[in-house]
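Working notes, beginning with the structure itself.
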């Protein structure tokens with residue numbers, strides 16, 4: 115009986131698989147699939163919108179100061195986006211599992227850590243697109259944008275965009291790693307949030323604090339401190355997940 119050949123992937127001129135070529139191939143494949151089927155985008159957008167709407171309806175009758183409104187808006191927005199990140203990461207690996215291609219993907223020539231980075235880059239664009247609608251919707255729903263305008267302050271969209279990118283990167287980095295850990299388990303839908311969210315607590319706190327401060331006081335040194343912490347968290351999570359992914363994938 116002939117052994118099946120290993121899948122061939124992009125190689126460097128010296129014959130060895132290049133990590134960057136693997137990252138581009140995996141991310142490109144995921145983005146093409148996401149653009150063609152839109153399953154991941156629709157699932158994450160629906161989930162984020164649903165969470166935001168439920169929280170908005172539950173808290174709409176409460177009387178609050180502008181500072182409290184900003185804090186509620188920030189908490190609701192990032193709760194919705196954290197849950198949406200879990201849905202997106204779960205779908206990223208579930209598609210491979212359902213198609214029976216996960217084992218073939220792990221045989222792809224090249225370092226397994228590059229597979230994680232490719233998956234991460236494939237998850238990020240749909241989540242950022244969802245966040246581009248979720249953040250303004252949350253500000254309007256909770257009256258934070260109106261309160262800022264009434265107080266004579268402009269909404270700091272550029273700083274909010276930076277906070278959103280850093281927050282989504284941290285959420286995606288953690289949930290993508292745990293998506294690979296739980297993809298072959300029967301209760302993966304429940305296990306992924308249970309494993310990922312305790313690790314993501316620092317990112318959630320940093321994004322909520324930075325967003326609330328931006329909405330009430332604009333840019334400040336405290337906002338810069340929170341964003342620096344968030345960037346360090348993102349970098350540490352990506353590096354650690356890249357190093358641990360080969361062990362998680364082979365288990």
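Residue numbers (my numbering): 115 to 365.
The C-beta atom is built at its ideal place from N, Cα and C for all residues, glycine as well.
Pairwise C-alpha distance: residue j and residue i
i	j	result
residue 352	residue 196	17 angstroms
residue 153	residue 341	31 angstroms
residue 348	residue 262	29 angstroms
residue 269	residue 283	22 angstroms
residue 225	residue 317	28 angstroms
residue 370	residue 260	Past the boundaries of the shown model lies residue 370; the chain is included only from 115 to 365, so the question cannot be answered.
residue 323	residue 274	12 angstroms
residue 337	residue 327	7 angstroms
residue 300	residue 281	29 angstroms
residue 333	residue 246	20 angstroms
residue 320	residue 135	33 angstroms
residue 304	residue 310	11 angstroms
residue 148	residue 312	28 angstroms
residue 234	residue 287	6 angstroms
Candidates the options: closest to residue i by CA position
i	options	result
residue 190	335, 255, 274, 333	255
residue 289	241, 163, 134	241
residue 166	186, 284, 328	186
residue 276	184, 336, 247, 345	345
residue 57	325, 358, 356	What is shown of the chain runs 115 to 365, which leaves residue 57 out entirely.
residue 237	312, 170, 354, 146	146
residue 296	285, 239, 308, 286	308
residue 239	267, 206, 264, 180	206
residue 248	291, 339, 266, 194	194
Burial state of residue i, where buried means 16 or more other Cβ atoms lie within 10 Å
i	result
residue 361	exposed
residue 168	exposed
residue 357	exposed
residue 201	buried
residue 258	buried
residue 271	exposed
residue 229	buried
residue 278	buried
Presumed contact (8 angstroms Cβ cut-off) between residue i and residue j, rounded CB distance
i	j	result
residue 243	residue 164	Residue 243 to residue 164, Cβ: 17 angstroms. No contact.
Is it the case that the stretch 132 to 142 contacts the stretch 156 to 164, given that we only count it when at least three CB pairs across the two stretches are under 8 angstroms?
Contact between the stretch 156 to 164 and the stretch 132 to 142 is absent, because fewer than three Cβ pairs lie under 8 angstroms.
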